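Just so we're aligned, residue 546 is where the sequence shown starts under the working numbering, counting upward by one. Quick reminder that beta carbons are idealized off the backbone N, C-alpha and C, glycines included. Predicted, not measured: the structure shown is a model, and the values here were computed from it.
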Amino acid sequence: GGTPAPAAPAAPDASAAPARTRRSRGRHTAQPRRARHLKVERPRRSGGWWLPRIIIARKYHRIVAPVVTLLQRLPAPALSWVFLALAACGYAAGAMALSSLAGGPRPGVLVFVTAVAIQLVSILLHESWHAIVAGYLGTPIRGLGVALMFWAIPIAYVDRTDSYRVRSRSGLTMLALAGIFSDGVVCGLEAAVAWASTGTVRQVALTLCAFQLTMLVTNLNPLTQSDGVAAVEAATGSVNLRGRSMFVLRCILTRQPLPPGLAVMRPAVRWGYFIYGLACSLLGLVAFVMSIVWIGYWLYALLKGFLL
Numbered sequence: 546g547g548t549p550a551p552a553a554p555a556a557p558d559a560s561a562a563p564a565r566t567r568r569s570r571g572r573h574t575a576q577p578r579r580a581r582h583l584k585v586e587r588p589r590r591s592g593g594w595w596l597p598r599i600i601i602a603r604k605y606h607r608i609v610a611p612v613v614t615l616l617q618r619l620p621a622p623a624l625s626w627v628f629l630a631l632a633a634c635g636y637a638a639g640a641m642a643l644s645s646l647a648g649g650p651r652p653g654v655l656v657f658v659t660a661v662a663i664q665l666v667s668i669l670l671h672e673s674w675h676a677i678v679a680g681y682l683g684t685p686i687r688g689l690g691v692a693l694m695f696w697a698i699p700i701a702y703v704d705r706t707d708s709y710r711v712r713s714r715s716g717l718t719m720l721a722l723a724g725i726f727s728d729g730v731v732c733g734l735e736a737a738v739a740w741a742s743t744g745t746v747r748q749v750a751l752t753l754c755a756f757q758l759t760m761l762v763t764n765l766n767p768l769t770q771s772d773g774v775a776a777v778e779a780a781t782g783s784v785n786l787r788g789r790s791m792f793v794l795r796c797i798l799t800r801q802p803l804p805p806g807l808a809v810m811r812p813a814v815r816w817g818y819f820i821y822g823l824a825c826s827l828l829g830l831v832a833f834v835m836s837i838v839w840i841g842y843w844l845y846a847l848l849k850g851f852l853l
């Protein structure tokens, strides 16, 4: 009853395919490892309760890829200064057109609807330039989507999460301002149409100029996470200026000690963060109240239309 002797190892099969080599002519041919954050597919919805974000087009970077390839063959740094000059002239032309040509009968519903439809295309172009510059810097966007501020105000955006890998301050600043520059060029074209036309076409063009100038103020608003704030953070090397201000505000109001990294700040800097965070909070409260009033107004108008 002894134990059976262990079986001899099987001879290798000569017909089996040879093991895949990792070297060819002395060169390492293994595939490069893919970053872990690229292996995980990001959820289609994100952003929290008050600002839900919904990704619409995940492969949008492929659509703008031909423009990115073209820019990589051109002197893009010099073209950026031309882009800035054209945008500044465009905004100035739009303001001059509004001040000189505005007036007359009130625009009708058709003018407003047409202007809104064209403005939606302009907003898509705004976000596309963010995507183009991100691709030029080597950090393609992760998708094009829509955010709903307080579930009432739609905001288009591109997911530029990977832009943190860009080390150039000038590149990050251009990434933040690309959409504003695009709006300025479009505003100049709309002003030219307003000067060269009459009647309904002029009214549509002037309405679009008003939209673009309003968006300029919105995009430069220092109290929201706007493109202007992102440009200031990129140019100065600051990190999450608005989030840090809100954190300092919460710590001071609740009398909690600041972390060591923030406790060493000078009192003037600390109070600057506090005031900035307080202003952002008050603006958010005003926007929330206005959103509730706006939703209530439209609900009242709809109910009144159905009942009467």
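Point to revise | P541 versus S783: straight-line alpha-carbon distance, rounded | key: In the structure displayed, the chain extends from 546 to 853; residue 541 sits before or after that span and is not available.
Practice item. Spatial neighbours of A755 within its chain, please: CB distance less than 7 angstroms, with the 5 preceding and 5 following residues excluded, ordered by chain position. Key: Here residue 755 is taken as the residue at index 210 of the sequence shown, counted from 1. Cβ neighbours of A755 beyond the five flanking positions: L643.
Point to revise | Assigned secondary structure, A647 (DSSP; H/G/I helix, E/B strand, else coil) | key: Locating residue 647 in the sequence shown gives position 102, counting from the first residue. If DSSP states are grouped into helix, strand and coil, A647 belongs with coil.
Review point. Three-state secondary structure (DSSP) at I608?
Key: The residue given as residue 608 occupies position 63 in the sequence shown. DSSP places I608 in helix when its eight states are reduced to three.
Point to revise | Residues near V731 by beta carbon distance below 6 angstroms, same chain, minus five either side | key: On the sequence shown, residue 731 is found 186 positions in, with the first residue counted as 1. Correct list, in chain order: S667.
Exercise for review: Using beta-carbon positions only, say whether V609 and I677 come within less than 7 angstroms of one another.
Suggested key: On the sequence shown, residue 609 is found 64 positions in, with the first residue counted as 1. On the sequence shown, residue 677 is found 132 positions in, with the first residue counted as 1. In terms of Cβ geometry, V609 and I677 form a close pair [threshold 7 angstroms].
Practice item. List the endpoints of the continuous alpha helix (DSSP H) containing I797. Key: As a position in the sequence shown, residue 797 is number 252, starting the count at 1. L786 to L798 is the extent of the alpha helix (DSSP H) around I797.
Check your understanding: Do E735 and L753 have their C-beta atoms within less than 7 angstroms of each other?
Key -> Residue numbering aside, residue 735 sits at position 190 when the sequence shown is read from its first letter. Residue numbering aside, residue 753 sits at position 208 when the sequence shown is read from its first letter. Yes, these two residues count as a Cβ contact at 7 angstroms.
**Study point:** Exposed unless 16 or more other CB atoms sit within 10 angstroms - verdict on F726
**Key:** Counted from its first residue, the sequence shown places residue 726 at position 181. Under this definition F726 is a buried residue.
Exercise for review: Starting from L693, follow its DSSP beta bridges and name the residues at the other end.
Suggested key: As a first step, residue 693 must be located in the sequence shown, where it is residue number 148. Bridge partners of L693: P699.
Check your understanding: Do R714 and A780 come within 7 angstroms of each other at the CB atom, strictly closer than that value?
Key -> Along the sequence shown, one-based indexing puts residue 780 at 235. Along the sequence shown, one-based indexing puts residue 714 at 169. Their beta carbons are under 7 angstroms apart, which means A780 touches R714 by this criterion.
Point to revise | Spatial neighbours of Y821 in its chain, beta-carbon cut-off 7 angstroms, leaving aside the 5 residues before and after | key: Within the sequence shown, numbered from 1, the residue matching residue 821 stands at position 276. Taken in chain order, the residues that qualify are S790.
Practice item. Give the range of the alpha helix (DSSP H) segment to which I677 is assigned. Key: Sequence index remark: in the sequence shown, residue 677 carries index 132 (1-based). Boundaries of the alpha helix (DSSP H) harbouring I677: V654 to Y681, taken from the DSSP string.
Practice item. For the beta strand (DSSP E) containing R598, list its first residue and its last residue. Key: The sequence position of residue 598 within the sequence shown is 53, counting from 1. Per DSSP, R598 belongs to the beta strand (DSSP E) from R598 to A602.
Review point. When you compare only the Cα positions, how much space is there between I600 and T706?
Key: One-based indexing of the sequence shown puts residue 600 at position 55. One-based indexing of the sequence shown puts residue 706 at position 161. Going by the C-alpha atoms only, they are around 13 angstroms apart.
Exercise for review: Please work out which residues of its chain come closer than 7 angstroms, Cβ to Cβ, to E672, disregarding the five sequence neighbours upstream and downstream, and give them in chain order.
Suggested key: As a position in the sequence shown, residue 672 is number 127, starting the count at 1. Result list for E672: L689, A701, Y702, V703 and G724, in chain order.
Exercise for review: Can you grab the Cα-Cα spacing for the pair G806 / R800, in whole Å?
Suggested key: One-based indexing of the sequence shown puts residue 806 at position 261. One-based indexing of the sequence shown puts residue 800 at position 255. Rounded to whole angstroms, G806 to R800 spans 17 angstroms at the Cα level.
Check your understanding: Using DSSP with H/G/I as helix, E/B as strand and the rest coil, what is R809?
Key -> Your numbering for residue 809 matches position 264 in the sequence shown. The sequence shown places Val at residue 809, rather than the Arg named in the question. Collapsing the DSSP output to three states places V809 in coil.
Check your understanding: Does the beta-carbon distance from H606 to I663 come in below 7 angstroms?
Key -> The residue labelled residue 606 in the question sits at position 61 within the sequence shown. The residue labelled residue 663 in the question sits at position 118 within the sequence shown. Taking 7 angstroms as the cut-off, the Cβ atoms of H606 and I663 do not count as close.
Practice item. Reducing DSSP to helix, strand and coil, say where N766 ends up. Key: Along the sequence shown, read from residue 1 onward, the residue named residue 766 stands at position 221. Here N766 sits in coil by DSSP.
Exercise for review: Leaving aside the five residues before and after Q748 along the sequence, list all residues of the same chain whose C-beta is less than 6 angstroms from its C-beta, in chain order.
Suggested key: As a working mapping, residue 748 is identified with position 203 in the sequence shown. Result list for Q748: P652 and V656, in chain order.
**Study point:** Own chain residues within Cβ distance below 7 angstroms of G571, not counting five before or after
**Key:** In the sequence shown, residue 571 corresponds to position 26, counting from 1. Its pLDDT being 48, under 50, G571 is placed unreliably by the model, and the measurement read from it follows with that caveat. If we look at G571 and ignore the five residues flanking it on each side, it has no Cβ neighbours.
Check your understanding: With 16 as the cutoff for other CB atoms within 10 Å, does Y845 come out buried or exposed?
Key -> Position 300 of the sequence shown, counted from the first residue, corresponds to residue 845. Under this definition Y845 is an exposed residue.
Point to revise | Nearest candidate by alpha-carbon position, reference V793, set Y818, D772 and V762 | key: Working through the sequence shown from its first residue, we reach residue 793 at position 248. Of Y818, D772 and V762, the smallest CA-CA separation from V793 is found for Y818.
Check your understanding: Taking the C-alpha atoms as reference points, what is the distance between W740 and A750?
Key -> Here residue 740 corresponds to residue number 195 of the sequence shown, with the count starting at 1. Here residue 750 corresponds to residue number 205 of the sequence shown, with the count starting at 1. Rounded to the nearest angstrom, the two C-alpha atoms are 9 angstroms apart.
Check your understanding: Taking C-alpha atoms, which residue in A824, T759, G716 and L665 lies nearest to A623?
Key -> By 1-based counting over the sequence shown, the position of residue 623 is 78. Ranking A824, T759, G716 and L665 by CA distance to the CA of A623 puts G716 first.
Exercise for review: Leaving aside the five residues before and after I797 along the sequence, list all residues of the same chain whose C-beta is less than 7 angstroms from its C-beta, in chain order.
Suggested key: For this step, residue 797 is matched to residue 252 along the sequence shown. So the list reads F819, once near-sequence residues are dropped.
Check your understanding: Along the chain, where does the alpha helix (DSSP H) that runs through S855 open and close?
Key -> No answer is possible for residue 855: it lies beyond the span of the chain, which begins at 546 and ends at 853.
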